[in-house]
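Inspection log for the structure reproduced underneath, given as C-alpha cells.
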Amino acid sequence: MPRQLFVTTALPYANGNFHIGHIMEYIQADIWVRHQRMQGNAVNFVGADDTHGAPIMIAAEKAGITPQQFVANIAAGRKPYLDGFHIAFDNWHSTDAPENHALAQQIYRDLKANGLISSKVIEQFFDPEKNMFLPDRFIKGECPKCHAKDQYGDNCEVCGSVY
C-alpha cells in the first residue's frame, strides 16, 4: 500500500539571501521526495518563506523599506536558485499569507476556549518613537554572566549564555 507523505524543510528566514545551507537541505529533501515517488508513494513537498521576526525588522529598517517589501525582495530571488538546482516543491507559500493568519488565529481561539492559554502581566521595553514593544534583538547591554558589553537581549555572543 503506498504511503502518503507530507514533506517540508526548515523554512528559510527571509532576513537575507538564499545561501548554500538552504540549497543543500533542499537538494537532500528533493532527492528523498523523488525516491519516495519512484517507490509509488504519494508525496506533498511544501515550503514557505518565514516572514516574521526581529532580524527581518532590523534588516528592513536598515534598507529603508517595510518588512513586507524586504521579504518580497528576498522571495523574488528564490526561484532562480530552486530552478537552477531543479528543486521541485509542490507548493511554496508564506507565513504572512492570509490562510496562515486565519489558521494561527483559529488554533489560538481553540486553545483559549479549552483553557490552555493563560494571561499574565509582564514588563517589556517600549520605544515611544517607534510606538512598539521591543523584541530582544532591539535591546543591547551588558551580559549579566560575563559582563561583556554590547550584547543582544537574548544571548551573549562572548560567553554563549542564553537568557
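The opening residue of the sequence shown carries number 16 in this note's numbering; numbering runs sequentially from there. All residues carry an ideal CB built from backbone N, CA and C; glycine is no exception.
Return the CA-CA distance between GLN15 and GLY130, expressed in angstroms with no decimal places.
In this structure the chain extends from 16 to 178, so residue 15 is not present and cannot be described.
From this set, HIS101, THR110 and ARG152, which residue's C-alpha is nearest ALA87's C-alpha?
THR110
For the alpha helix (DSSP H) containing LEU126, list its first residue and its last residue.
113-128
Chain-order list of residues whose beta-carbon lies under 6 Å from that of LEU149 (same chain, five-residue window excluded)
Result list for LEU149: PHE140 and ASP142, in chain order.
Cβ-based neighbour list, PHE21, same chain, cut-off 6 Å, excluding 5 preceding and 5 following
ASN59
Could you tell me whether the Cβ atoms of ASP169 and ALA103 are closer together than 8 Å?
no
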